[in-house]
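Residue numbers (our numbering): 270 to 578. Virtual Cβ for every residue (Gly too), placed ideally from N, Cα, C.
What follows is the structure in structure tokens.
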């Protein structure tokens with residue numbers, strides 16, 4: 270339990286996370302238990318520093334394109350982490366879409382966190398795209414309310430693709446640090462250049478302001494089919510043209526994606542070292558296909574090995 274908190278407290282490189290989405294809300298209890306047992310066994314084998322549990326929301330306004338896979342509500346990520354995965358003795362980093370909650374509901378949750386004896390880790394996410402009429406709690410207000418829970422360790426998201434479009438993601442990161450964020454988790458990385466551009470601007474801003482960096486955890490996801498590729502693109506993940514061609518026309522898309530993820534990570538890792546930025550890894554599978562979930566295990570092992578070099 271102490272390894273992750275020590276790395277966060279000291280701002281160290283080398284954080285190793287594995288990410289999952291909770292099962293669908295309609296999953297029957299027996300099947301839910303089976304899924305949780307499989308995940309516990311997998312994570313005990315991998316021994317990551319922590320587990321990321323995502324808060325999956327519908328995003329009808331994303332990209333303007335039809336969603337490749339239908340949206341189905343999932344089990345509440347915190348309930349799943351606390352109950353179904355209770356026997357897993359590693360820290361759980363639970364995403365929380367604050368825009369899906371009212372101020373009153375969020376305040377009750379903060380009170381619940383304060384009552385816990387142990388430290389709690391959460392990554393706050395703003396309102397989903399497309400939610401215009403009832404956006405819920407603003408992210409800045411959620412950070413302010415979170416200050417009441419001294420045992421709450423906050424993380425934020427960092428999106429290189431948004432930086433390419435707006436060139437201000439590094440300012441967002443510094444603002445989130447001001448609100449108490451102790452680390453960042455990125456969107457899945459396939460575009461080396463946009464990721465390095467974000468790291469460059471972040472490092473320069475730190476130098477200018479005389480501040481210290483916090484760990485940046487880079488997310489990587491296997492891609493086993495053209496359909497998965499289209500879903501990842503719908504999610505907003507950027508693929509350089511040459512890399513997309515490699516995936517689309519490979520005789521073994523899944524194996525090629527593992528090689529490409531390893532190559533991308535090595536490039537970004539070398540650059541982060543030059544800039545004295547602490548980085549880590551978070552490996553996930555955006556697909557529930559067994560082959561892609563198994564590939565995420567292999568990818569975690571590969572990247573963990575490189576992270577330790």
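Of the residues assessed, residue 396 falls on the buried side of the cut-off, its CB having 16 or more other CB atoms within 10 angstroms. In this model, residue 546 and residue 494 are separated by some 33 angstroms (Cα to Cα). The three-state reading of DSSP puts residue 427 in strand, counting E and B together. Nearest Cα to residue 543 within the set 477, 465, 348: 465. The straight-line gap separating the alpha-carbon atoms of residue 284 and residue 277 is approximately 8 angstroms.
Per DSSP, the continuous beta strand (DSSP E) segment holding residue 393 begins and ends at 389-394.
Between the alpha carbons of residue 373 and residue 516 lies a gap of roughly 46 angstroms.
With respect to the 8 angstroms criterion, residue 320 and residue 361 are classified as neighbours on the basis of their beta carbons.
The residues 465, 468, in chain order, have a CB closer than 7 angstroms to that of residue 540 in the same chain once the five nearest residues on each side in sequence are set aside. Contact between the region 479-486 and the region 517-528 is absent: fewer than three C-beta pairs spanning the two stretches fall below 8 angstroms. In this model, residue 518 and residue 386 are separated by some 52 angstroms (Cα to Cα). Here residue 349 carries a helix assignment [DSSP, helix/strand/coil]. The DSSP-derived three-state label of residue 320 is strand.
Between the region 408-425 and the region 438-458, the count of C-beta pairs closer than 8 angstroms reaches three or more; the two stretches touch. Classified as exposed, residue 510 has fewer than 16 neighbouring CB atoms from the shown chains inside 10 Å of its CB. For residue 286, the three-state secondary structure derived from DSSP is strand. Nearest Cα to residue 420 within the set 389, 289, 577, 433: 389. For the pair residue 492 and residue 502, the Cα-to-Cα distance works out to about 11 angstroms. At a Cβ-Cβ threshold of 8 angstroms, residue 487 and residue 537 count as neighbours. Fewer than three Cβ pairs drawn from the region 307-314 and the region 364-378 lie within less than 8 angstroms of each other, which leaves the two stretches out of contact. Note: residue 364 is bridge-paired with 392 in the DSSP secondary-structure output. Judged by DSSP secondary structure, residue 500 falls within the alpha helix (DSSP H) whose first and last residues are 495-503. Residue 458 sits in coil when the DSSP states are folded into three classes, being neither helix nor strand. Short of 6 angstroms from the beta carbon of residue 508, and not among the five residues preceding or following it, lie these beta carbons of its own chain, in chain order: 459. Distance from the Cα of residue 351 is smallest, within the candidate group 363, 340, 341, 342, for 363. In this model, residue 504 and residue 358 are separated by some 31 angstroms (Cα to Cα).
With respect to the 8 angstroms criterion, residue 500 and residue 530 are not classified as neighbours on the basis of their beta carbons. Taken through DSSP and simplified to helix, strand or coil, residue 534 comes out as helix. When DSSP states are grouped into helix, strand and coil, residue 338 belongs to the coil group. Annotation: residue 435 to residue 323 spans about 25 angstroms, alpha carbon to alpha carbon. Assignment of residue 464 by DSSP, reduced to helix, strand and coil, places it in the helix class. When secondary structure is reduced to three states using DSSP, residue 488 falls in the strand class. Taking a contact as a CB-CB distance under 8 angstroms, the pair residue 551 and residue 454 counts as one, their CB atoms being some 6 angstroms apart.
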